[in-house]
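This report refers to the structure that appears directly beneath it.
Residue numbers (UniProt numbering), protein chains in the order written: chain A, 1 to 549; chain B, 1 to 549.
Quick look at the structure:
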């Protein structure tokens, strides 16, 4: 047990090393693999480099033979291609396999960065304006051509890639910031803007985008809104349902939903834009957003500490909420397994000298550095004195802040090191949140699937995530996607969460991956009401078929 | 011009007197007039005592002769009454004029607290459970009986009272807190809970309801959510679209929408609950809500100051956002006319010695009193040094905090002193927000309608409101509801706001009052899409007819 003075010493020593994998470089890794179109949606983001090209990935249609192409959809013909090329110009309609002169490489648009899903599209459209999106969708709807909206293609649930030959509507050309008002903090921008580009623009104005996630270097703000991304600082800035002030979207019939209000308060009728937030492109395509961007905090502090039990983690969280209150901007949980795996991959020096069952990362951000430091030190002294945490360090500069964050943000990348990862993104009442990791590990061990040798498919079962939002990432690192592992995990995990009225998708969305499991989080009545909405806006069902609900 | 030292002196002197009309007493005034059922929805709240009972108020059907009772709705029969009484018991079905033995006074349910609207209902139902609401609505839907949901009946736009003989569904019996989780801050409660009761409950647990408004003593949280109430601290805690985690509601066909999630993150399908937030009871009745309640701040500070121009008000706002940042919880604007009228009614001692064209009230709330005081004093010194504000005071205790707030919250009450008030609740881009008040006053003066003598209908044109949310309350205090005044105001005000892409209803809703003006804030496409939603959930149109869109 470290004493108060020992910890104060630790604070002063700040024995964090500058690590090779800084947060910024981790964030950008995926771009290298898939050129401009792919990356991760969330901190889940950074997968390991694996051999081969996407052409070696199994087709989704083979992995899920029970999903059949819906025969109501038309096949793409040369006539269709002529219409699209006449409208957009040849360079904005990427074609492969429809016409003889096709030379474009369409593969990056067919697969996801995790190499889990691969479609058969032959056509990628890149509209340059909302009006073009309107004309394209109307044509597709009139001709029964299925469409997949695609932003940065950084999702984790297969939502932004086709299953069969759906046309990919790629939003990357719509990447202009339309306006920013410094007094109100309201930004209006095209859906295809890269999150990091927008945030850098806002940083120059002293503001911040109210969402941050590992894939910020490639994900698009339209995709963020369409998937209702959560990310690292929801605890502080709240959800997109509260921050998005307006949306411009196009319905399948070409109708432009012109709900791009810049007003913080606007009680004039049903708040229809909310249906597109988290609608995952199933009722229309978001082409522009208006969003409230808070002032950027002048002072940022990050602390990292070790704890002896999940009980103590909960105590630390309550203390942090109480004492850090308005300046608390992140409270992240990592278990010992997750940190061991990060260490075994990166060999970086650990932030703390000892090893602990649990680790937490706390970030504060506020307007006054002295005040924030005082609050944080008081909090740390308090949790040390009361033996809630066993040891801790506080970053002393930006480099150390990044280094500490890398022990949290590096988890997803490192987990992929051995071959694959079974990933679950869950909301669970906080008191039982970590119990699922323990019970899952026990089941995997009992099934004889976990071990250090190649004949054991499972490397380890780890838990980490956004403690502040009751959001657990349960990950099972594997040497291969073994069916025996899947059988132990599913439907066990979903049933466990369903029993506790949790959510089987906290922030990643349903996509293709969880379409069949929504019943664990939603009643039949709710699913029926959701299908009503889908039928209302997309009666032909052309938008992102085979997915969502 | 006050010097820095003068202002520092002012800070120390804290020359605020304890005033007879404290915030708490102001809040409760309306309850006396309408017994248990009426109050104000917002800080707009507190109207003057006027002579006579509601029976002297003109019927809405007479005020608006162009609105005709829809003949598709059935008349209430004794058979209907029998069904309702059998289901609820006699004491929960208030009847007047249907059966001979009726002795209940139904008038309080027929009128609003402003005495502007009065309906002809003969039947008030008070369900005690969600299941009962389901059975009642299904019966009404099957029998084509129109229904008006009614919470605390504190609205400002006539949304919660009938126009003709619609049945009033009064939610006051559903008033139980269902659960509260201290770790996550999630409260689940019946729709009919009084806001102040809930907030007091939360205060004991160290938490706060993320909404506060003048009518808190009588408004119900279900009504708050149904009207998407904004209130005093939206600047800090954000809108209900972000804070409400789940909703339980009943559709007209009796379907129970069981979307009462307690999770902060839940990306499992369309976020249907959002349609009920601000839906004003037109697609169903909210019976329960789940909401995220932040920790209650330990330190509260309130400052009040005078400024020479609206230009300076904007500068002060920007400085407050920058320097007070995470602890700023309210930034309210009052013009000199509004404060003169408050003074002429209350005769209370003014907070500042001098008179200024504009006044602002700033509230901070945070976790550390020393830090907050230091930030606030630094901010005040800075705005004084830079001549952004001319004079100011800071409250020294809870009594003074209430006294300062009374100069903002007392405005609506005092404006009603002369007979009536034309009220507009508008969102306007902040740079032009006050220009509307000036231009409106000019038009009223030019028309010869403003003056000190009884032959002039207009007492004054005043502007005040939630500066932090770009939300202006434009009020015209009158001696009587003179048609000449209305002609000058409408559609001028709506056109002015429409031209600037503002909102004709920032936080009060549409109700009956603004139904015909939504076109100034919404396009034909948006109105068409909203009507689709109405038709989807309420094909018979029984829910709150003649209102909204």
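All residues carry an ideal CB built from backbone N, CA and C; glycine is no exception.
Contact with chain B by residue i, beta-carbon distance below 8 Å
{"i": "residue 257 of chain A", "result": "yes"}
{"i": "residue 203 of chain A", "result": "no"}
{"i": "residue 126 of chain A", "result": "no"}
{"i": "residue 156 of chain A", "result": "no"}
{"i": "residue 183 of chain A", "result": "yes"}
{"i": "residue 322 of chain A", "result": "yes"}
{"i": "residue 326 of chain A", "result": "yes"}
{"i": "residue 315 of chain A", "result": "no"}
{"i": "residue 274 of chain A", "result": "yes"}
{"i": "residue 453 of chain A", "result": "no"}
{"i": "residue 499 of chain A", "result": "no"}
{"i": "residue 380 of chain A", "result": "no"}
Residues near residue i in its chain [Cβ-Cβ closer than 8 Å; skip 5 each side]
{"i": "residue 531 of chain B", "result": "549"}
{"i": "residue 545 of chain A", "result": "70, 73, 146, 163, 166"}
{"i": "residue 148 of chain A", "result": "119, 121, 160, 161, 162, 166, 167, 168, 169, 281, 544"}
{"i": "residue 520 of chain A", "result": "491, 494, 495, 497, 498, 504"}
For residue i, three-class secondary structure by DSSP
{"i": "residue 359 of chain B", "result": "strand"}
{"i": "residue 129 of chain B", "result": "coil"}
{"i": "residue 417 of chain B", "result": "helix"}
{"i": "residue 209 of chain B", "result": "coil"}
{"i": "residue 258 of chain B", "result": "strand"}
{"i": "residue 6 of chain B", "result": "Any reading at residue 6 of chain B must be qualified, since the residue scores a pLDDT of 44, below 50, and its modelled position is unreliable; the value itself is stated next. If DSSP states are grouped into helix, strand and coil, residue 6 of chain B belongs with the helices."}
{"i": "residue 364 of chain A", "result": "strand"}
{"i": "residue 341 of chain A", "result": "helix"}
{"i": "residue 316 of chain A", "result": "helix"}
{"i": "residue 441 of chain B", "result": "helix"}
{"i": "residue 149 of chain B", "result": "strand"}
{"i": "residue 331 of chain A", "result": "strand"}
{"i": "residue 248 of chain B", "result": "strand"}
{"i": "residue 67 of chain B", "result": "coil"}
{"i": "residue 121 of chain A", "result": "coil"}
Proximity test, Cβ basis, 8 Å: residue i and chain A
{"i": "residue 265 of chain B", "result": "yes"}
{"i": "residue 494 of chain B", "result": "no"}
{"i": "residue 212 of chain B", "result": "no"}
{"i": "residue 515 of chain B", "result": "no"}
{"i": "residue 438 of chain B", "result": "no"}
{"i": "residue 160 of chain B", "result": "no"}
{"i": "residue 443 of chain B", "result": "no"}
Assumed close pair residue i, residue j - CB separation to whole angstroms, cut-off 8 Å
{"i": "residue 547 of chain A", "j": "residue 282 of chain A", "result": "7 Å"}
{"i": "residue 325 of chain B", "j": "residue 185 of chain A", "result": "The pair is not a contact, with the Cβ atoms about 12 Å apart (cut-off 8 Å)."}
{"i": "residue 269 of chain A", "j": "residue 221 of chain B", "result": "Not really, about 22 Å apart at Cβ, beyond 8 Å."}
{"i": "residue 224 of chain A", "j": "residue 278 of chain A", "result": "Their Cβ separation, rounded to whole angstroms, is 11 Å, which puts residue 224 of chain A and residue 278 of chain A out of contact at 8 Å."}
{"i": "residue 317 of chain B", "j": "residue 467 of chain B", "result": "6 Å"}
{"i": "residue 364 of chain A", "j": "residue 328 of chain A", "result": "6 Å"}
{"i": "residue 319 of chain A", "j": "residue 356 of chain A", "result": "About 17 Å; that fails the 8 Å criterion."}
Sequence-distant residues of its chain with Cβ nearer than 7 Å to residue i (five each side left out)
{"i": "residue 386 of chain A", "result": "none"}
{"i": "residue 182 of chain B", "result": "205"}
{"i": "residue 208 of chain B", "result": "199, 202, 293, 294, 296"}
{"i": "residue 432 of chain A", "result": "500"}
{"i": "residue 298 of chain A", "result": "367, 369"}
Sequence-distant residues of its chain with Cβ nearer than 6 Å to residue i (five each side left out)
{"i": "residue 246 of chain B", "result": "259, 260, 261, 290"}
{"i": "residue 252 of chain B", "result": "137, 141, 538, 542, 543"}
{"i": "residue 243 of chain A", "result": "210, 291, 292"}
{"i": "residue 92 of chain A", "result": "126"}
{"i": "residue 257 of chain A", "result": "249"}
Neighbour list for residue i in chain E, Cβ cutoff strictly below 9 Å
{"i": "residue 74 of chain A", "result": "Absent from the structure: chain E. Protein chains present are A and B."}
*Complete beta strand (DSSP E) runs within the stretch 453-515 of chain A (minimum length 3 residues, chain order)*: 458-466, 471-478
_In chain order, each alpha helix (DSSP H) run of at least 4 residues that lies wholly inside the stretch 368-402 of chain B_ = 369-385
*Which runs of the alpha helix (DSSP H) spanning at least 4 residues fall entirely within the stretch 261-289 of chain A, listed in chain order?*
273-276
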